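Report on the structure given below.
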Amino acid sequence: MPPESLRCKECKTTYPLDARYVCERCFGPLEVAYASRADRDPAELKRRIQAGPHSLWRYGDFLPVQTPPRGTLPAGLTPLLRADQLAERLGLREVWIKNDAANPTHSFKDRVVSIALARARELGFETIACASTGNLANAVAAHAAAAGLESYVFVPHDLEEQKILATGVYGTNLVAVRGNYDDVNRLCTELSGEHEWAFVNINMRPYYAEGSKTLAFETAEQLGFELPDRVVVPIASGSLFTKIARGFEEWIELGLLEGTLPTFNGAQATGCSPVASAFEAGHEVCRPVKPDTIAKSLAIGNPADGPYALDLARRTGGSIDSVSDDEIREGIRLLAQTTGIFTETAGGVTVAVLAKLAARGDIDPSERVVAYITGEGLKTLDCARGMFETWEIEPSLSSFEAARERVVVPA
Amino acid sequence: MAVSVKIPTQLREATGGESTAEVDGSTVGEVLDSLYERYGELRSRIAEDGGLRRFVNVYVGGEDIRFLDGLDTAVEDGDEVTILPAVAGG
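Residue numbers (numbering that gives the first Met the number 0), protein chains in the order written: chain U, 0 to 410; chain L, 0 to 89.
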């Protein structure tokens, strides 16, 4: 079932498997099309997966790379954890957290970069690049360093300091652009036409996006080759959201999974919610917005896959909801205090939307729900400020007991 | 009004390889019409039902025209109009 061509999602025109992302006839997005694989034996496919490496390359049969690379940073196979305390708090029975902060650079972006970089090397590129809200910057810089490639990373100038530092350390060419992410993305779209570079999320985007399917594959494998009933996924461009669905669909078509697609719930921050707004208004396309939210990793005002995300939420009976910055902080706190997982703002968005759905009665208590935590709390530390009080004491027993009486055991 | 339009690589086959075009018009819509007159094939690739296809972004001076007045956005002598695919990023 090797990759066969790039195909336009809109008009179905096909192209060779090179570095391109736009249909020249209708400007629609290209995605990877695979040769028919209906004749593959599911039991044999399952054995091949289970005998594979302890990384996302165990799903190499379903990815657009000829030969899985060796010696690179191994992404994927992150924990899927049953979150009973969180479920109890929300009045639900079965909630799972897919903790993708447990990747080499602490976000799901290691997945997409792994695929894009592997394909870029097959195509002979020596320089990789990206437009990023931060997590992708970390991943591109690190994976380029590991592979010995040159890299250029373009980010908005007002990014969290942690994400800037955790990118520059890898020795990339780090470019801070005076503008928001959509400005950075526009600039990089222009640059990709002028330089022979592999921009992972522009001219390599069809391959890059395929990496997000591995989040569906892993979830299913970790559940014993079963489907969840519902997933809650953060939405920035909408690529992750739609590709998780694509992953489940491929395995259903191949007979590796039985059942139908889960209900898809998308999560956005109110300060940047073009997809949630279009969902609520019943629109098929998104009107772009100027982002203003603490969830900077989701601050894409002009989401490329917005129309497909809207379609997915509607056809699975799901929704796309948004939450305020205060709800995001509360989501971060709730996850930390019920699971021990400290997530960045995007994870706060996801947990806050999960809580909102539960409170609204959208989730039947019998459902098996998976929430995707895509990034690490240490990258957005400022959000934890003001959530708690530290007691400062003298180094004496009496000082400690007095403070404890004051703080923990109020009279 | 003479306006400079930047053509993305994906459309340069339709412009004989040209990466910019100097055309006249007082709004973005008029500018695009002038462009279609010069390069007939461009119309079917980026226009649809009198508007733009949904995966086409147009900018004036770096600002998305959907934050301005869409195709009615006024342009002035020397402005730069950029056409780009909308399917990048994320």
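Every residue gets a Cβ at the ideal spot worked out from N, C-alpha and C, and that includes glycine.
Small disclaimer: the values here were computed from a predicted structure and weren't measured.
When we look at the beta-carbon of residue i and count the other beta-carbons within 10 Å, is it buried (16 or more) or exposed?
i, result
"residue 404 of chain U", "exposed"
"residue 49 of chain U", "exposed"
"residue 118 of chain U", "buried"
"residue 250 of chain U", "buried"
"residue 306 of chain U", "buried"
"residue 391 of chain U", "exposed"
"residue 81 of chain U", "exposed"
"residue 338 of chain U", "buried"
"residue 22 of chain U", "buried"
"residue 53 of chain U", "exposed"
Going by DSSP, name the residue or residues bridged to residue i.
i, result
"residue 41 of chain U", "Residue 41 of chain U is not bridged to any residue."
"residue 214 of chain U", "Looking at the DSSP assignment, residue 214 of chain U forms no beta bridge with any residue, so it has no partner."
"residue 153 of chain U", "U:130 and U:174"
"residue 198 of chain U", "U:128"
"residue 38 of chain L", "BP columns for residue 38 of chain L are empty, so no partner."
"residue 243 of chain U", "Paired residue(s): none; residue 243 of chain U is not in a bridge."
"residue 233 of chain U", "U:266"
"residue 380 of chain U", "DSSP lists no partner for residue 380 of chain U."
"residue 7 of chain U", "U:29"
"residue 81 of chain U", "U:95"
"residue 2 of chain L", "L:22"
"residue 81 of chain L", "L:5 and L:58"
"residue 47 of chain L", "L:50"
"residue 342 of chain U", "U:375"
"residue 13 of chain U", "U:6"
Have a look at residue i and residue j and give me their C-alpha separation to the nearest angstrom.
i, j, result
"residue 256 of chain U", "residue 388 of chain U", "48 Å"
"residue 165 of chain U", "residue 174 of chain U", "14 Å"
"residue 93 of chain L", "residue 180 of chain U", "Any question about residue 93 of chain L goes unanswered here, given that chain L covers just 0 to 89."
"residue 96 of chain U", "residue 285 of chain U", "29 Å"
"residue 79 of chain L", "residue 278 of chain U", "33 Å"
"residue 32 of chain U", "residue 25 of chain L", "43 Å"
"residue 151 of chain U", "residue 366 of chain U", "44 Å"
"residue 7 of chain L", "residue 193 of chain U", "10 Å"
"residue 222 of chain U", "residue 140 of chain U", "33 Å"
"residue 28 of chain U", "residue 74 of chain L", "29 Å"
"residue 398 of chain U", "residue 347 of chain U", "36 Å"
"residue 121 of chain U", "residue 149 of chain U", "16 Å"
"residue 243 of chain U", "residue 71 of chain U", "24 Å"
"residue 44 of chain U", "residue 245 of chain U", "18 Å"
"residue 51 of chain U", "residue 326 of chain U", "40 Å"
"residue 85 of chain U", "residue 42 of chain U", "35 Å"
"residue 297 of chain U", "residue 271 of chain U", "8 Å"
"residue 39 of chain U", "residue 248 of chain U", "16 Å"
"residue 68 of chain L", "residue 89 of chain L", "26 Å"
"residue 323 of chain U", "residue 15 of chain U", "44 Å"
"residue 345 of chain U", "residue 210 of chain U", "19 Å"
"residue 87 of chain L", "residue 208 of chain U", "11 Å"
"residue 5 of chain L", "residue 27 of chain L", "13 Å"
"residue 377 of chain U", "residue 234 of chain U", "21 Å"
"residue 495 of chain U", "residue 199 of chain U", "The requested residue 495 of chain U does not occur in the structure, where chain U is confined to residues 0 to 410."
"residue 303 of chain U", "residue 46 of chain U", "36 Å"
"residue 31 of chain L", "residue 83 of chain L", "13 Å"
"residue 55 of chain U", "residue 104 of chain U", "15 Å"
Which chain L residues are close to residue i, counting only those with a beta carbon under 7 Å from its beta carbon?
i, result
"residue 179 of chain U", "What residue 179 of chain U touches in chain L: nothing, since even the nearest Cβ is about 11 Å away."
"residue 192 of chain U", "7 and 8"
"residue 284 of chain U", "53"
Taking residue i as the query, report the chain L residues whose CB atoms sit under 9 Å from its CB, ordered along the chain.
i, result
"residue 238 of chain U", "88 and 89"
"residue 189 of chain U", "5, 7, 81 and 83"
"residue 110 of chain U", "The premise fails here: residue 110 of chain U is roughly 13 Å from chain L at the closest Cβ pair, so nothing lies under 9 Å."
"residue 204 of chain U", "86, 87, 88 and 89"
Check the Cβ of residue i against every Cβ in chain U and list those closer than 9 Å, keeping chain order.
i, result
"residue 61 of chain L", "178, 182, 185 and 186"
"residue 29 of chain L", "Result: empty, since nearest Cβ-Cβ is about 21 Å, beyond 9 Å."
"residue 12 of chain L", "23"
List the residues of chain L whose Cβ lies closer than 8 Å to the Cβ of residue i, in chain order.
i, result
"residue 201 of chain U", "87 and 88"
"residue 287 of chain U", "63, 65 and 66"
"residue 266 of chain U", "Correct list: empty, because the minimum Cβ distance to chain L is about 15 Å."
"residue 235 of chain U", "89"
Name the chain U residues whose beta carbon is nearer than 7 Å to that of residue i?
i, result
"residue 38 of chain L", "Under the 7 Å cutoff, chain U gives no residues; its nearest Cβ is about 14 Å from residue 38 of chain L."
"residue 79 of chain L", "Result: empty, since nearest Cβ-Cβ is about 11 Å, beyond 7 Å."
Which chain U residues sit within Cβ distance under 8 Å of residue i?
i, result
"residue 17 of chain L", "Within 8 Å Cβ-Cβ: nothing; residue 17 of chain L doesn't reach chain U, min ~13 Å."
"residue 44 of chain L", "23, 24, 25 and 26"
Near-chain L residues of the region 299 to 313 of chain U (beta-carbon distance less than 8 Å), N- to C-terminal order:
So the close ones are 299, 301, 302, 303, 304 and 306.
Discussion item. Please identify, using Cβ separations under 7 Å, the residues of the region 113 to 131 of chain U that lie next to chain L, in order along the chain.
Written reply: 130
| query | Got a sec: which bits of the region 137 to 153 of chain U sit with their beta carbon under 8 Å from any beta carbon on chain L, in order along the chain? | reply | none
Notebook entry, point to check: For the region 20 to 31 of chain U, which residues have a CB atom closer than 9 Å to at least one CB atom of chain L, in sequence order?
Noted result: 20, 21, 22, 23, 24, 25, 26, 27, 28 and 29
Contacting positions in the region 46 to 58 of chain L - beta carbon closer than 8 Å to chain U = Hits within the stretch, in order: 52, 53, 54, 55, 56 and 58.
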